[in-house]
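Report on the structure given below.
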Amino acid sequence: KGWSNIFGGTGKPVIGAVFSHYKVDAVAVKDNFIDLNYMTYMFQFESIHGKLKGTVKAKSRDPTNIKWGDAADEYAVESKAEGCALLEAGAKKISISTHSTNALKFGIGVNHEKYENFLKTVRNASCRTSCLASLARVIHDNVGIVEGLVTIVYAITATKKTLPGPAGKLWHDRGFPEHYSCFYTDATKVVGMVIPELNREHTGMAFHVPTHKVSVVDLSCCLKYYNIKKPVKQALEDPLKGILGFTEDQIVTCNIKNDTQSSTFDPGTGVVLNDHLVKFIFKYGNEFGYSNMLVNYMSYIALKE
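One gets the working numbering by counting positions in the sequence shown from 1 and adding 196 to each.
Okay, structure coming up:
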């Protein structure tokens, strides 16, 4: 049983993923900033994924009326930096999807098996890192990555403004439907944390673009030798079944908006300069796909205990 803290870009699809996951029950949602009736509306009507196939009801507006102890929630997905508070509230384990300097970092399909039961809080690798690391793990284990450059084409997120206006960061004040923004990404740094042998072997940048829900990772890397298509297909069966997708269809990003994998590898869109210098392209759902991975990892932790 689990609960979600903050009903936003990650918390909301996490609850949606739970409803389609037979191993997990959602027993509570906490958000101090959104009206209860509006939370119900948000969950029932989603602009990109469509209307919820089910019924949503709000029974009480007063959170003090909720018997949190009776809910017997054990595992919490934290979408805001309040992990310690959730432990104090009675949660057994906290799975953090936001930045945390104290929690150890894990990526499902990459290093999740290193989890130990004594850990109270764990940080999931971000959607960008989960996408990049899952494929980088396969590539490095099979053909060896010497070094790489990463470009992430990142779908617009909730913190970006539709119209120009004051914001916490200088370039966040622009109207994003009319602009692209370029910035450094720490996703490559975190890849080095979950795959230590690739530490300091990657760096990269990201663009925020005015598209919805699905993003693209461009990994250009120097390999020891090139023959990656077969190993990726083998990894789809084990150990990355349900984590890494593969397609040779001529798709666009919106075609995978409801996919549950961390990433989808499309070999046809890559470029090979020679046997050692290769560009890989893979796509990922930065909300829905990532949220499903959070739920899967929560299930893994519960089963391991």
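Backbone N, C-alpha and C define an ideal beta-carbon position, used for all residues, glycine too.
Given the structure is predicted, the values throughout are model-derived calculations rather than measurements.
- If you look at HIS308, you'll find it isn't in any alpha helix (DSSP H); DSSP assigns it neither H nor E.
- In the DSSP assignment, PHE314 falls outside any alpha helix (DSSP H), carrying neither H nor E.
- Between SER416 and LYS500, the C-beta gap is not smaller than 7 Å, which leaves the two residues out of contact.
- THR353 carries a coil assignment under DSSP once its states are collapsed to helix, strand and coil.
- Short of 6 Å from the beta carbon of VAL273, and not among the five residues preceding or following it, lie these beta carbons of its own chain, in chain order: SER200, VAL210, SER291, LEU490.
- Listed as beta-bridge partners of ILE211 by DSSP are no residues whatsoever.
- Put simply, the backbone Cα of ASN423 is about 32 Å away from that of TYR496.
- Around the CB of LYS437, fewer than 16 other CB atoms lie within 10 Å, so the residue is classed as exposed.
- Residues of the same chain with a CB within less than 8 Å of the CB of THR465, apart from the 5 flanking positions on each side, are ILE477 in chain order.
- In this structure, SER330 lies near SER459, with their beta-carbon atoms less than 7 Å apart.
- Counting of Cβ neighbours within 10 angstroms places LYS420 among the exposed residues, the total staying below 16.
- The residue from LEU328, TYR237, VAL225, VAL306 with its alpha-carbon nearest to that of TYR480 is LEU328.
- Sequence-distant partners of ASP231 (beyond 5 residues in either direction) whose C-beta falls short of 6 Å from its own C-beta are missing from its chain.
- In this structure, DSSP gives ASN488 a helical state, which the three-state scheme calls helix.
- Assigned with DSSP and collapsed to three states, ARG333 falls in helix.
- A straight line joining the alpha-carbon of HIS308 with that of LEU315 spans about 13 Å.
- Assigned with DSSP and collapsed to three states, LEU473 falls in strand.
- LEU345 and TYR237 have their C-alpha atoms spaced approximately 42 Å apart.
- Judged by DSSP in its simplified three-state form, LYS409 adopts coil rather than helix or strand.
- Closest in C-alpha terms to ARG370, from the list CYS378, PHE379, THR358, TYR380, comes THR358.
- Taking a contact as a CB-CB distance under 8 Å, the pair ARG333 and THR381 does not count as one, their CB atoms being some 18 Å apart.
- Going by DSSP, GLY441 is part of the beta strand (DSSP E) stretching over 440 to 442.
- According to the DSSP assignment, ALA431 belongs to the alpha helix (DSSP H) that extends over 425 to 433.
- DSSP lists THR347, TYR380 as the beta-bridge partner residues of MET401.
- Looking only at LEU440, GLY485, THR407, VAL468, the smallest Cα-Cα distance to VAL448 is reached by THR407.
- Check the Cα spacing between GLN430 and each of ASP471, PHE461, GLY212: the tightest is with PHE461.
- When only Cα atoms are considered, HIS472 and ARG396 end up about 19 Å apart.
- A distance below 7 Å between beta-carbons, with the five flanking residues on each side excluded, links ILE452 to the following residues of its chain, in chain order: VAL410, THR460, LYS479, GLY481.
- CA-CA distance, THR384 to PHE302, rounds to 14 Å.
- Just so you know, the alpha carbons of GLY207 and LYS289 end up roughly 16 Å apart.
- Apart from sequence neighbours up to five positions away, the residues of its chain that approach CYS378 with a beta-carbon distance below 7 Å are MET401, PHE403, ordered along the chain.
- Distance from the CA of TYR271 to the CA of VAL468, rounded to the nearest whole angstrom, comes to 44 Å.
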